[in-house]
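To start, the structure under review is shown below, and the notes come after it.
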Amino acid sequence: MLMIVDVPVEVSRRINWAFFFILSAVTVLAWVATLSPKMGSAMMVDLDALSVNQASNYVVAWGVMMAAMMLPSAMPMILLYGILRQKQAKLGQKGLSPFIFALVYIIVWLATGIPIYLVNVSIGLLERAYTAFSAAAPYLLGASFVLAGLFQFSDFKKKCLKVCQTPFQFLMGHWYTGYTGSLRLSFEHALYCVGCCWALMGIMALLGSMSLRWLLLITVAVFIEKIMPRGQWYANSIGVVLIALGLVIGFRPDLISIIQGPPMPMEHAQSSLTIPLCAPDAPKLK
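In my numbering, the protein residues as written are 32 to 317.
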């Protein structure tokens, strides 16, 4: 039986298993798409071919990758909504389908790709235009790791993580009726989800959006801190690791390529493709 963290046993027994398997299938498909060479190419920024089409491809690829990463940890909330929505429907009350409820999460995750793309383009242009910025990039990356690690200990992180860990409590305190109410509910919780993980998303955008190693590591990190007991302890531990890695990068920027790991498979690569905040001596893509 699937257990949801703060949900009474009698409620968790009512899980719609068909819906569970559909969500699982969507997650698997998102992973398959994320690992495809075409997706890897879409996640790279070509500074010589900036366009709306490139930006759109990047944002869509980012959204698919976020779905692969985040759906497993969001599934308890979505499944629980499905249980309560089923009961609501029996009482003749209106509300969003669980499928639309889940889609709102994916749209919110996809939307985070817009600022991520703009930041990546800005970093690439700054590195190209200013030698000093390019030389400082590894140290900025190290500082980003340290800041992401410190965020893991912040009150804001603790608040968002608590909401993600206790979906039943959130639903009991924020249940809204009607279609707009359900939409508001899903949107609010999706924002908490982003608030909880935005620092890890940022690290992946700066270093790991093209790295299978970091994609897997951050997926596991998000899952264990949201789903496993003692989630805050895991969050703090992740923070310590990020701070340590940031210090390592600051003192040994030549190790960035080792920390980053092998890139995602790509259909093609050009010399104008940019890897955000990589070491100046990192291998050039050709």
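The beta-carbon is built from N, C-alpha and C at its ideal position, and this holds for glycine as well.
Computed from a predicted structure; not experimentally measured.
Here the alpha carbons of residue 215 and residue 259 stand approximately 27 Å from one another. Shown here, residue 67 sits in coil according to DSSP, grouped into three states, outside any helix or strand.
Contact annotation, residue 254 with residue 103: C-beta distance approximately 5 Å; criterion of less than 8 Å satisfied. DSSP, read as helix, strand or coil, puts residue 185 in coil. Restricting attention to 242, 183, 292 and 261, the CA atom closest to the CA of residue 273 is found in 183. Within the DSSP bridge table, the entry for residue 294 names 242 as partners. Taking 8 Å as the cut-off, the Cβ atoms of residue 210 and residue 121 do not count as close. With fewer than 16 other beta carbons inside 10 angstroms of its own, residue 264 counts as exposed. The same chain holds no residue with a CB closer than 8 Å to that of residue 268 once the five nearest residues on each side in sequence are set aside.
At least 8 Å separates the beta-carbon of residue 105 from that of residue 148. Put simply, of 75, 155 and 204 the residue whose alpha carbon is nearest the alpha carbon of residue 165 is 155.
For residue 276, the CB contacts under 6 Å within the same chain, skipping 5 residues up- and downstream, are 176 in chain order. Per DSSP, reduced to three states, the secondary structure at residue 79 is coil, with no helix or strand assignment. In the three-state reduction of the DSSP assignment, residue 213 falls in the helix class. With a threshold of 16 other beta carbon atoms within 10 Å, residue 232 meets it and is buried.
Each residue's CA atom was taken as its position, placing residue 83 and residue 113 some 37 Å apart.
By the neighbour-count definition (other C-beta atoms within 10 Å, threshold 16), residue 271 is an exposed residue.
Apart from the 5 residues on each side of it in sequence, residue 189 sits with its Cβ closer than 7 Å to the Cβ of 263 in its chain, given in chain order. Of the residues 74, 205 and 151, the one whose Cα lies closest to the Cα of residue 93 is 74. Under the three-state reduction of DSSP output, residue 283 falls in the coil class, being neither helix nor strand. Ranking 108, 89, 66 and 257 by CA distance to the CA of residue 205 puts 108 first. Around the CB of residue 50, 16 or more other CB atoms lie within 10 Å, so the residue is classed as buried.
In the displayed model, residue 101 falls within a helix according to three-state DSSP.
When secondary structure is reduced to three states using DSSP, residue 125 falls in the coil class, being assigned neither helix nor strand. Membership of residue 151 in the alpha helix (DSSP H) is indicated by the continuous run 144-160. Judged by DSSP secondary structure, residue 203 falls within the alpha helix (DSSP H) whose first and last residues are 198-205. When secondary structure is reduced to three states using DSSP, residue 88 falls in the helix class.
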